[in-house]
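Beneath this line is the structure, given in structure tokens, with notes to follow.
Residue numbers (our numbering): 1084 to 1624.
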């Protein structure tokens, strides 16, 4: 009699990731774009494995992928006939090479575009931003064309000691859903990179209505605005621009109209900058104004304390003439924004010998020092600063106010913090495998960044779908503290699925597979996520 054996495999939340990959046809899409017929594991399957690994949130690097899948139901997650041993670093590395040869941004754009169309997600606004990832290892300075230069540059990770890669990301309106991701040289500057990202995206998608591109003030430079004359954009105007400063200082809040968006007031003006006609929207946020006014008072107090210390130190010095003393105080005063100083000075006579000098003695030299001072607020400077509190300016080259109203411009810009910034926070999570890039080949680093973008796409699509379904059905699920929510994060959902196993029972009659520890709440979430995800846990419907 053959013995009955039992074995478990960890499914956890990986079935959700695999199901979303299947729903967007990830494997078939990539295998169509990057054919490799003689591979044991297709490039599409290798990418799916890397995405599941990336979203495993266990911090395992790429070369430990076989270890990651050792206790997982690989055939269920990746495909029939695939084993953990097949997903080794050589197989995955060659898949990264194949992606590079096929054109990374083009492959990603096609997969992302197909996925977003399938989910019915529109592209009226696209948010643009860049960030940096630090890398380890030595890299050649002279590299082949089309391959990024891995060098030191301005580090947003606060690791100036390490070389880095710059990553450009375009996401759809008010979401972390990536529409474009691109690896760039480690010393690439924001002001030069952003227009190139936009142009590359537009070149890839020539058909259909072009979106408005939303960026922060890094976009707003004369050469960029002229270079992007053929596309529509929305950008924050840098405060260094004199006209922007003047408008923020001179436009009273009372003259700005109340916006339909609670807590905002707006004033629209037409102007030309960099030879590009545009609309400027002066925005005042009531909440930001309160914060800025409080912060301004603290800055004024700190400056007064700083000036007091500087003058006390200066009073211990002697100068050759009143003019030299005035110049020393003036040099200090260049850093004072909100105060002026009135001071008196006194002459110190030096005779070159100790003791009381004779009545007719002539001093050897005269030193001049500060005797007293009074620090006064510069009320005009303070009022100018107060006038700017809570204000910022948005610009667009869309001159038709009906096509793009001021309120919609403000909403689009507010989405900048929801889109790329949230995507970057996800990609830089310490548990995500890309926190520090470890591959030695710049080609493979570029390809891995594209896979990172696909992982972000799958994660964001799952979150988007679950939230949409909850809102459409007017349902909710419990959050971390047990309160109902219609906006759960997928990280929370992934945590809820910890401990879901596949029980494999081998008997003389054959092999049985059962999913264990599924609760009613798990089943409800799976139903909301759709048939492709349900199939990974409950089998074909």
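Yeah, the Cβ is synthetic: ideal placement off N, Cα and C, and Gly gets one too.
By the Cβ rule, the stretch 1303–1321 does not count as touching the stretch 1333–1350, because fewer than three pairs are nearer than 8 Å. Out of 1181, 1202, 1172 and 1505, the CA that lies nearest to the CA of residue 1104 is found in 1202. Cβ neighbours of residue 1609 within its own chain (closer than 6 Å, five residues either side excluded): 1616, 1617 and 1620. Remark: C-beta atoms of residue 1130 and residue 1167 do not approach each other more closely than 8 Å. Per DSSP, the continuous alpha helix (DSSP H) segment holding residue 1492 begins and ends at 1489–1497. Going by beta carbons, residue 1612 and residue 1549 fall inside the 8 Å limit. Residue 1454 and residue 1429 do touch by the CB rule: their CB atoms are close to 4 Å apart, below 8 Å. Within the stretch 1158–1204, the runs of alpha helix (DSSP H) that reach at least 4 residues and sit entirely inside it are, in chain order, 1172–1185 and 1187–1201. Under the three-state reduction of DSSP, residue 1458 is assigned to strand. Going by DSSP, residue 1554 is part of the alpha helix (DSSP H) stretching over 1525–1556. The residues 1342, 1344, 1347, 1349, 1364, 1366 and 1477, in chain order, have a CB closer than 8 Å to that of residue 1493 in the same chain once the five nearest residues on each side in sequence are set aside. Beta-bridge partners of residue 1560 (DSSP): 1568. If you draw a straight line from the Cα of residue 1268 to the Cα of residue 1234, it comes to about 7 Å. Rounded to whole angstroms, the gap between the alpha carbons of residue 1161 and residue 1132 is 7 Å. 1092 is the residue among 1372, 1331, 1607 and 1092 whose C-alpha sits nearest the C-alpha of residue 1584. Collapsing the DSSP output to three states places residue 1439 in coil.
Per DSSP, the beta bridge partners of residue 1212 are 1252. Approximately 6 Å separates the beta-carbon atoms of residue 1213 and residue 1249; this is inside 8 Å, confirming the contact.
Of the other Cβ atoms in all chains shown, fewer than 16 fall within 10 Å of the Cβ of residue 1566; this residue is therefore exposed. A contact is defined here as three or more CB-CB pairs under 8 Å, and the stretch 1251–1262 fails this definition with respect to the stretch 1563–1577. Here residue 1247 carries a strand assignment [DSSP, helix/strand/coil]. Cβ neighbours of residue 1125 within its own chain (closer than 6 Å, five residues either side excluded): 1114.
For residue 1293, the closest of 1314, 1304 and 1275 by C-alpha to C-alpha distance is 1314. For residue 1402, the three-state secondary structure derived from DSSP is strand.
Around the C-beta of residue 1471, 16 or more other C-beta atoms lie within 10 Å, and the residue is accordingly described as buried. In chain order, 1259 and 1260 place their CB closer than 6 Å to the CB of residue 1543, counting only its own chain and leaving out the 5 sequence neighbours on each side. A check of alpha carbon separations from residue 1148 across 1507, 1164, 1169 and 1158 identifies 1169 as the nearest.
Per DSSP, residue 1098 is one residue of the alpha helix (DSSP H) stretching across 1097–1106. For the 8 Å CB-CB criterion, residue 1194 and residue 1128 do not form a contact.
Note on geometry: alpha-carbon atoms of residue 1449 and residue 1394 lie some 21 Å from one another.
Listed in chain order, the alpha helix (DSSP H) elements of length 4 or more contained wholly in the stretch 1270–1348 are 1273–1287, 1305–1310 and 1325–1333. Counting the other Cβ atoms within 10 Å of the Cβ of residue 1403 gives fewer than 16, which makes it exposed. Counting other Cβ atoms within 10 Å of its Cβ, residue 1207 stays below 16 and is therefore classed as exposed.
For the options 1490, 1439 and 1422, the alpha carbon positioned closest to that of residue 1465 is the one of 1422. Counted as a single uninterrupted DSSP element, the alpha helix (DSSP H) harbouring residue 1615 occupies residues 1614–1621.
In the structure shown, residue 1584 falls within a strand segment according to DSSP collapsed to helix, strand and coil.
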